[in-house]
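Peer 1:
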Amino acid sequence: MRKIKFLPILLTILLIISMLPVSAFAAADNTLGGTVKITGDAVTGSTLKADLSKVTPSGIKESDLDFKWMKKTEKDNKDKEKDTEKAKEEEPLGKESSLKLTKEMVGLSVVLVISPKEDSAIQGSALTSEAVKIQEKTDDGENVEDLNKDPAPSEPSASEEPVATETPGPVPEEPEPAGPLMEVALPTILTETLPGGIQGTNYVAQLEAQSEEAVTWSMKEGNVLPEGLVIDQGGMIGGKITAEPGQYSFTVTAANTGGSVERTLSITVEAPAVYSMTASPAALDFGSASEGYKTVDPQKITLTNTGNQSMSFKEMTSVNYQVQGKEGGLGAGEQLTLTVSPKSGLSKGTYQESLTFLTEEGAQASVSVSFTVTEKEEKIYEIVASPAVYDFGQKETGYDSLPDAAEITVTNTGNQTVTLEQPVAKDFQITQPTALVLAPGEEARFSIQPKKELQIGLYEENIDISTDSVAGAVVTAKFQVTGAKLLSVIQPSAITGLTNGIEKTVNAFGLPGTVEIKTNAGGKKAVVDWDVASCAYDPSSVDAQNFTVQGKITLPDQVENPDGISLTAQIQVSVKAYVPRVPDTSELKINNLSSNSTYKTNTSISFSATGAGNNSSPRKGDVRYIPYAWKLGNSSYTEFADSNYSASLKTANAGTYTLSVSYRRDVYNGSEWKADGTLAYKEMNLKFIKDTVSITPAAKNTTQKKAVATGDETNIMGWIVLGAVGLAVVIGAGTWIIYRRKDNRQ
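Residues -26 to -1, 1 to 720 in mature numbering (1 follows the signal peptide of the UniProt record, and there is no 0) are what the sequence shown lists, from first letter to last.
(1) N481 lies in the beta strand (DSSP E); which residues open and close that run?
(2) Please name the residue, chosen from F41, N474, T441 and V85, that lies closest to A418 on a Cα-to-Cα basis.
(3) Can you check which of these residues, P90, V523, G629 and L164, is closest to Q465 by C-alpha distance?
(4) What is the DSSP secondary structure of E427, counted as helix, strand or coil?
(5) Pull up the CB-CB distance for S569 and N659, whole angstroms please, since I reckon it's below 8 Å.
(6) Mind checking who P90 pairs with in its DSSP beta bridge?
(7) Just the Cα atoms here: how many angstroms apart are S240 and P200?
(8) On the criterion of 16 or more Cβ atoms from any shown chain inside 10 Å, does residue 725 qualify as buried, or is it exposed?
(9) Are at least three pairs of beta-carbons, each pair with one atom in the segment 477 to 487 and one in the segment 552 to 562, less than 8 Å apart?
(10) Note the first and the last residue of the continuous beta strand (DSSP E) segment covering I564.
(11) Contact between the segment 271 to 278 and the segment 208 to 217 is defined here as three or more beta-carbon pairs at a separation below 8 Å; is this criterion met?
(12) DSSP three-state call for residue 723: helix, strand or coil?
(13) Would you kindly check if the distance between the Cβ of G8 and the Cβ of T30 is under 7 Å?
(14) At what residues does the beta strand (DSSP E) containing residue 727 begin and finish?
(15) Keeping to the same chain, check which residues put their C-beta closer than 8 Å to that of T709; ignore five residues upstream and five downstream.
(16) Can you tell me whether DSSP reads T5 as helix, strand or coil?
(17) Of all the options S462, L485, G475 and D503, which has the alpha carbon lying nearest to the alpha carbon of I539?
(18) Rounded to the nearest angstrom, what separates G302 and L332 at their Cα positions?
(19) Quick check on the DSSP output: the beta strand (DSSP E) that includes I357 runs from which residue to which?
(20) Pull up the distance between the alpha-carbon of G697 and that of I(-14), whole angstroms please.
(21) Would you list, in sequence order, the uninterrupted beta strand (DSSP E) runs of no fewer than 3 residues that lie entirely inside the segment 307 to 360?
(22) Buried or exposed: G171, going by 16 or more other Cβ atoms within 10 Å of its Cβ?
(23) Please go through the same chain and pick out, in chain order, the residues whose beta-carbon is closer than 7 Å to the beta-carbon of K322, but skip the five residues on each side of it.
(24) Any heavy atom of the ligand MN inside 6 Å of the beta-carbon of A543?
(25) Between which two residues does the beta strand (DSSP E) carrying N608 extend?
(26) May I ask which residues mark the beginning and end of the beta strand (DSSP E) holding M290?
(27) In terms of residues, what are the limits of the beta strand (DSSP E) holding G525?
(28) Please state the DSSP three-state secondary structure of T709.
(29) Can you grab the Cα-Cα spacing for the pair W191 / A228, in whole Å?
(30) Could you check how far apart the C-beta atoms of K111 and V17 are, in whole angstroms? I think they sit under 8 Å.
(31) Taking 7 Å as the limit between beta carbons, can you name the residues of its chain near residue 725, skipping five residues before and five after?
(32) Can you grab the Cα-Cα spacing for the pair Y179 / E78, in whole Å?
(33) So, under 8 Å CB-CB, A183 and T162 are touching, yes? Tell me the CB distance rounded to an integer number of Å.
(34) Quick one: any contact between the segment 353 to 362 and the segment 375 to 395, if contact means 3 or more CB pairs under 8 Å?
(35) Quick test of your reading: A257 and V341, contact by CB under 8 Å. State the CB separation rounded to the nearest angstrom.
(36) Flag this pair as yes or no: are the beta carbons of S72 and K107 separated by less than 7 Å?
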């Protein structure tokens, strides 16, 4: 029987045990890798979906991932990493595993970016799909891009391999970026005003906007149209207006994929045209008079426009009555007083009539009138005034002495006694008659004279001389007041303390539109036309300035200048010296960093600096601060390399470091900014802690293979030593067996 050799068998078993940690105890690979694809038709109305079949680790769930559908521009097409960075900075088109395609997306190139959720066991950086261009769906379907087909085979690139990335500790959550993602210009609303409407009628108005793509219209939240009107998404405002008359203001919104803009508009609703009027009183009774009567006392009628529109009267005729005062038109709500009286010379009889007042617009009102003429009586009531017309001539305004009074004689030419009433006038003073009761043939006298302090104008007045009977007479008095005489011009007060650099205009200087003048009729105002262009003011000068502005005076109507007084107005104006704008150094800023935050060592941190005092229209002496250079800790200052004044910093050692930024002080010399050689400083203390995790990312564009990151942090050094010992034992045992066999052969 052959002797069994146990030592080699034992050593082989130990070798197998030493290899167990490498396979049996290795943790599963939880690093995000592989390739993410997009499935579905890239046409409007379809839905794109995420294909995770080639994403590792296998069996990954959608709940472990964040999805972001991003717009991709032509300048980004060469760099997938830019899509990942844009996913952090811009608002995505969607955040689900699928994306519904709309008309607004036509022409866009879309990529899908997936990344592990913060609370997921999955690690690694984000993955980005190939770009897909969205097309308009057509009936023949020729433009449909089938994303479900596998692409043509190609050599795998190194960028498709899983890339191990550094997993930093907790950092403050990035704020959700604001603003539109899509690079589409905002629409421009062209409509500035809307037409008015009439209550109870149909209304249509189209809002207009300029836009690169379709615009959706809506009302701003909390705003409403006049009752009865609606707005559709195409910007059409229409409906039947039921709102009460008035002006209605509201704000509309025009939106495209680039964002939205607003405009406040208004619609004026007017009441429907109403033409109506009333007459008051509804009836007039003129009593009776005997045949041969001269006149009958007139009575008044008031016509009221009860509608909401102006009206024009038609000519009204009557056989037996005369109407006076019916001229022109009548505005809404206005009243017109007319006088009505029977015509003279009517024969015996009763005259009943309905006077109907008509307008061109169809409104009408009627008044019933009645008058009776009886048989002629022998009684005659009649008076005569002489002179019947008297002209007092003219006086200059501000007259001191009155014209001589005119004496009027009233004679009773009838056969009945009459009693005079005291005559009255508006612009003339009348004395008491020498007698009030006049028998037939008797006379009475009174005087008429213009009143004092009448203004410039022509005064002509019919003065009624009435009696207790139908008898009466009229005296017409005339008087004219001529224009005032210019005595002097009062120059306006000086204007001081104006701001340096104001415009060279009347409004900017605050010049008065009128000046005071003195006349023999008192003080008045005269218009001035200022010659600002010829004054010595220089808006570009920063020095204090004093100058005179002259103007031409235009006298008001009825003011004369017989003495040739100068009609030149002058006013002194002073402008203060310019005070340069000097910003406070407290306005200097260091952006994107905070002394309250903690930063990792060996990590690049970006920041930027902002100066102060920069303005688009500087004047001589203005000061600004421009970011110049920076340093961290005891390092040397480094000048900012770009116009955005941004830079990156990092340090290998933990601790608190002072970030110092210097700002160059510039002074504007009237034509350009010049540095004056001084610097201002802004400092910030930053705390850095040691980064305990250091995972070297796989190199890009190389086929180098890396060991799989297991995610298991168990210390396997002991197992490695044990494996090495076992291997040494096997090698030693093998050597010993070989030599034994040689010895046995010998």
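Cβ coordinates follow ideal geometry from the N, Cα and C atoms, glycine included. The model shown is predicted, which means the values in this text are computed figures rather than measured ones.
Peer 2: With the structure as the only source:
(1) That residue, N481, is in no beta strand (DSSP E); its alpha helix (DSSP H) goes V480 to F483.
(2) T441
(3) V523
(4) coil
(5) 5 Å
(6) L39
(7) 9 Å
(8) Only positions -26 to 720 of the chain appear in the structure, and residue 725 is not among them; the question remains open.
(9) no
(10) K563 to N565
(11) no
(12) No statement about residue 723 is possible, as the shown extent of the chain runs from -26 to 720 and does not include it.
(13) yes
(14) Because the chain here runs from -26 to 720, residue 727 falls outside it and cannot be looked at.
(15) none
(16) strand
(17) S462
(18) 13 Å
(19) I357 to S360
(20) 12 Å
(21) 309 to 316, 323 to 332, 338 to 348 and 357 to 360
(22) buried
(23) E265, V347, T348 and E349
(24) Looking for the ligand MN in the displayed structure turns up nothing, as the structure carries no ligands at all.
(25) Run containing N608: none; DSSP gives neither H nor E here.
(26) First-last for M290: undefined, no H or E at that position.
(27) Q519 to T528
(28) helix
(29) 5 Å
(30) 4 Å
(31) The displayed coordinates of the chain run from -26 to 720. Any statement about residue 725 would go beyond what the structure contains.
(32) What sits at residue 179 in the sequence shown is Ala, not Tyr. If you take the alpha carbons of A179 and E78, they lie about 26 Å apart.
(33) 6 Å
(34) yes
(35) 7 Å
(36) no
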